[in-house]
Amino acid sequence: MALKIEKTFTVQEPVEKVWALLSDPRKVATCVPGAQITDQVDEKTYKGAIKVKVGPSVTDYTGEVRILRLDPQNHEIEILGKGQDVRGRGSASMKMTGKLRALPDGGTEVASVSEINVVGILAQMGSRVITEVSNIMFGEFVKNFQARLQRPLDAPEGQATVAEAQPISATSLAWEATKGLFHRKS
Amino acid sequence: MIHKTSPEIGGMGHSIKRKEDLRFIQGKGNYVDDVHLPGMVYGQMVRSPYAHARLKSINTEKAKKLPGVLAVITGEDLAKANLAWMPTLSHDKQMVLATGKVLFQSQEVAFVVAEDRYTAADAAELVEVEYEELPVLVDPHKALEPGAPLLREDREQKDNHIFHWEVGDRQATEQVFQNAPVKASVKAFFPRCHPAPLETCGCVADFSRATGRLTVYMTSQAPHAHRTVFALVGGIPENNIRVISPDIGGGFGNKVPVYPGYVCSIVASLTLGVPVKWIETRSENLQSTGFARDYHMTAEIAADRDGKMQALRVKTLADHGAFNAAAQPTKFPAGLFSICTGSYDYPTAFCEVDGVYTNKAPGGIAYRCSFRVTEAAYLIERAVDVLALDLKMDPAELRRKNFIPPEKFPYKSSLGWTYDSGNYEPAMNIALEKIGYKDLRKEQEEKRKKGELMGIGISSFTEIVGAGPAHSFDILGIKMFDSCEIRIHPTGKAMARMGTKSQGQGHETTYAQIVAQELGIPAADVTIEEGDTDTAPYGLGTYASRSTPTSGAATAVAARKIRDKAKKIAAYLLECNENDLEWEPGKFYVKGSPSKSKTIQDIAFAAYTNIPPGLEAGLEAVDYYDPPNLTFPFGTYVCVVDIDKGTGEVKVRRFVAVDDCGNIINPMIVEGQIHGGLTEGLAIAFMQQIDYDESGNIQGGSFQDYLLPTAVETPHWETDKTCTPSPHHPFGAKGVGESPNVGSPAAFVNAVVDALSHLGVKHIDMPIAPWKVWNILKEKGVAA
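Residue numbers (our numbering), protein chains in the order written: chain A, 1 to 186; chain C, 1001 to 1784.
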């Protein structure tokens, strides 16, 4: 099941500082709920894991994250993440393009386009659930991303991040998804 | 005409209450999941998340270490016993547990057995399967393209094509089309749907090491056939296998095939020597067991300018999923699809079907249907409406003009069937009158002026049921007869057993009514038993509306054999000649002196106490009935819909169903069958589809996405009937269970299209969900 999610948010930090964070998969990963980078394979390739829990279904994806394109001049990055569930419940891939734009007020606009493909048990829940899951994860990510910017970028990763390597909560997710469904109807 | 017995006897034509409901409404039914045997353990399937992937490894170590786990069976284990694959009813084979690769999402990969259900489910999560994803084919058209990924590497044929089948006169049909002044065509997809019976599939396999006997309690619509399959595939002597189908919570064709779960449970019980229970979850049922339809069809009609039909041409692509497991016993790969000329007198016709493999669950079962009759009836009834639209003719008039006239029966269709009897126009007239057709057309005209949307849909279907005569059917070579054995006890009560198996149809009542009709023993005094292969005579089971045409017929014939013997006993008791006796239900009397009589109860007692010299004791008979032909029920359904321009929602305002199933055994049960079938037809037309995304993920794999109609969605059904008995059936019955499911989808769709036809809409594919209608309204600029 393929879906495309476009998101734009702003942070009150200068573009170069945001770029420094966004262009480092090790650091970005700590902002993604349930995700972690476990190893670096080469300059552009990392090994990682992400745990996604939807209702009763927990999926533990392990796989690779690769930087496909890094354009410091235009502050653009393209990342491809691919993973398989450790218990063989399916696979997922995400191609994300991130682009930064300096705002007149000194802040930065982050625009992202993610193409997600999910195969397996999770995908049976249909796009209305997966889109909602992605929305919630993205919301968490933005919060973490902003929080991470508050700390020195060279500080060690660890406890300070909000939702490090914790699966997103099933109950809140179900609730958010339900709310989302009702919102969309109106 | 059928002689009507007294209400006390309760023979044919009496709406007696269903005997089986006494236990059902008290919650005292006995279903497979109610079977609890000492020492019983539980099985759980591990299933594939991928629609197409190579199996790289299966690691069962962690699962086996979980306390309470007794065994984990994989395809490799089964391969050692030559059981990794099993034959299907359509001359293909299918995997029991995957070896090499998986071919559809939810495919069975391993079977975990544990001391309780929860441990089994937990252990299934611990089985680690490594897959390598392969390109997925969900579109049957793409599956036929050159260079398409090969799905079935096990076959010699190296493409995804299963079969090509054609019937009729291609050349003559082409010729008519070349010269025909009017050609109408429709491309109609009958989506993949699922019967979703209330009870999912399951079994308890109980192999006794002490006796060497295997007893399988299972959700089976065909227990005898399944016993034979187990004997042939598993190599167990057939006398050592007992299949018991207890109460079944709905089948609709879903419980005809042999599923991997049954086989794995049997293997596990043979291995462990304890009873093994396996019960599907709802999602497992929807995702892996027999789906129905999935036919991509095109119909073209050649006609005169005045609407007289000249020829029909049908081309179909049949999506069979990963294995051709179509549960159908006909000798034709597309079953009875060649009934697609329907109720119309086509001098010429041609029909071709190609079967294709895709990465979807296998099946192609006859969901409340005789092997593709639903697809055929839907297609022709849609095509006739498109022709009416093209000709700007009233769809009722067009039908009337082309119906097979009553004097032409028995009618030989241009695609080879001999229709036993029919009289189509009266059924349509009653339906039109009842619904007030003329007034509705006027109303529609008025409403259109005001911009309101209403439509009237007609479906004048013809069915083909009662599988079936030996020339067209067999299962593993076994002819499609069915059976009945009747025993009359000394006190005049009776016990009868059949080779069929009720799944809610009310057999315990209707078969008793046939015995009552033929012998005059009150239906209340006749016990019916089915489903135990140790006791019932051999038969092929219940599906395709075949019980009344086959076992029902056998019941009448067996009863008549008993009556013949009873007559001999009566003559002996009354000291007269057999020829001097007259029969009325329940007794023989001497011609001219009705007071000199013996009741069937007197005779039954004498059969055990005072037997005429030279006659064997007892009063029983058995009959195996091989029907000389199929039966052809028919009817006309008319549906009125209103469409909400704001939401695209379709509301069924009225629905009139006029059915003709020949002579009726129990009018109440027939009406119930029609209500149920119409409700299923409504769901198919408006709500249901087992859809797949481009990666082969099932998008209708739970009741969250696969919708069932409730009382809220279901309109009021209005029923009526005509009666055209079958000339070859012993009491003129035809079978009715599937008619409403076969006939109604076209009525619903025709009504919706009719509501939108003035906007240029000619066809909408099912399911007609509100969003689909709303999109059309928006495109046509009429959405509110």
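For each residue, glycine too, the CB sits at the ideal point set by N, CA and C.
Residues in its own chain within less than 6 Å of residue i by CB, not counting five upstream and five downstream?
i, result
"residue 1582(C)", "1589 and 1591"
"residue 1051(C)", "1104, 1105, 1136, 1359 and 1696"
"residue 1683(C)", "1709"
"residue 1313(C)", "1173, 1300 and 1350"
"residue 1093(C)", "1085 and 1087"
"residue 1213(C)", "1240"
Give the DSSP bridge partners of residue i, in chain order.
i, result
"residue 1214(C)", "1207(C) and 1241(C)"
"residue 64(A)", "47(A) and 82(A)"
"residue 1161(C)", "1356(C)"
"residue 1771(C)", "DSSP, once it has assigned bridges, lists no residue as partnering residue 1771(C)."
"residue 1302(C)", "1183(C) and 1311(C)"
"residue 119(A)", "91(A)"
"residue 1334(C)", "In DSSP, residue 1334(C) forms no bridge with anything."
Among the options, which residue has its Cα nearest to the Cα of residue i?
i, options, result
"residue 1499(C)", "1244(C), 1019(C) and 1614(C)", "1244(C)"
"residue 1427(C)", "1251(C), 1701(C), 1659(C) and 1362(C)", "1659(C)"
"residue 1354(C)", "1514(C), 1016(C), 1522(C) and 1163(C)", "1163(C)"
"residue 1420(C)", "1031(C), 1308(C) and 1549(C)", "1549(C)"
"residue 1032(C)", "1594(C), 1602(C) and 1276(C)", "1276(C)"
"residue 1272(C)", "1205(C), 1249(C), 1311(C) and 1127(C)", "1205(C)"
"residue 1565(C)", "1604(C), 1506(C) and 1541(C)", "1604(C)"
"residue 1744(C)", "1215(C), 1213(C) and 1369(C)", "1369(C)"
"residue 1516(C)", "1492(C), 1536(C), 1611(C) and 1503(C)", "1492(C)"
"residue 1146(C)", "1159(C), 1153(C), 1140(C) and 1155(C)", "1159(C)"
"residue 1298(C)", "1664(C), 1259(C), 1540(C) and 1378(C)", "1378(C)"
Can you name, in chain order, every residue of its own chain whose Cβ lies under 7 Å from the Cβ of residue i, other than the five neighbours on each side?
i, result
"residue 1797(C)", "Nothing about residue 1797(C) can be reported from this structure: the residues present for chain C run from 1001 to 1784 only."
"residue 1117(C)", "1042"
"residue 1064(C)", "1072"
"residue 1757(C)", "1389"
"residue 1755(C)", "1453, 1454, 1455, 1641 and 1643"
"residue 1692(C)", "1138, 1360, 1698 and 1699"
"residue 1247(C)", "1029, 1030 and 1031"
"residue 99(A)", "75, 76 and 111"
"residue 1599(C)", "1586 and 1587"
Considering only their Cβ atoms, is the gap separating residue j from residue i smaller than 8 Å?
i, j, result
"residue 1634(C)", "residue 1461(C)", "yes"
"residue 1484(C)", "residue 1496(C)", "yes"
"residue 1161(C)", "residue 1134(C)", "no"
"residue 1705(C)", "residue 63(A)", "no"
"residue 1020(C)", "residue 2(A)", "no"
"residue 1440(C)", "residue 1303(C)", "no"
"residue 1674(C)", "residue 1657(C)", "yes"
"residue 1292(C)", "residue 1261(C)", "no"
"residue 1114(C)", "residue 1070(C)", "yes"
"residue 1249(C)", "residue 1197(C)", "yes"
"residue 1505(C)", "residue 1551(C)", "no"
Spatial neighbours of residue i within its chain, please: CB distance less than 8 Å, with the 5 preceding and 5 following residues excluded, ordered by chain position.
i, result
"residue 162(A)", "The predicted model places residue 162(A) with a pLDDT of 40, which falls under 50 and marks its position as unreliable; any figure quoted below should be read in that light. Cβ neighbours of residue 162(A) beyond the five flanking positions: 140, 143, 144 and 147."
"residue 26(A)", "37, 40, 46 and 157"
"residue 1142(C)", "1148"
"residue 1257(C)", "1088, 1089, 1289, 1290, 1325, 1327, 1363 and 1365"
Given a threshold of 16 other Cβ atoms within 10 Å of its Cβ, counted over all protein chains shown, does residue i qualify as buried or as exposed?
i, result
"residue 1151(C)", "buried"
"residue 68(A)", "exposed"
"residue 1837(C)", "With chain C covering 1001 to 1784 only, the question about residue 1837(C) has no answer from this structure."
"residue 55(A)", "exposed"
"residue 1442(C)", "exposed"
"residue 1207(C)", "buried"
"residue 1711(C)", "exposed"
"residue 1060(C)", "buried"
"residue 1587(C)", "buried"
"residue 1190(C)", "buried"
"residue 1081(C)", "exposed"
"residue 1321(C)", "buried"
"residue 1140(C)", "buried"
"residue 1266(C)", "buried"
"residue 1737(C)", "buried"
"residue 1007(C)", "exposed"
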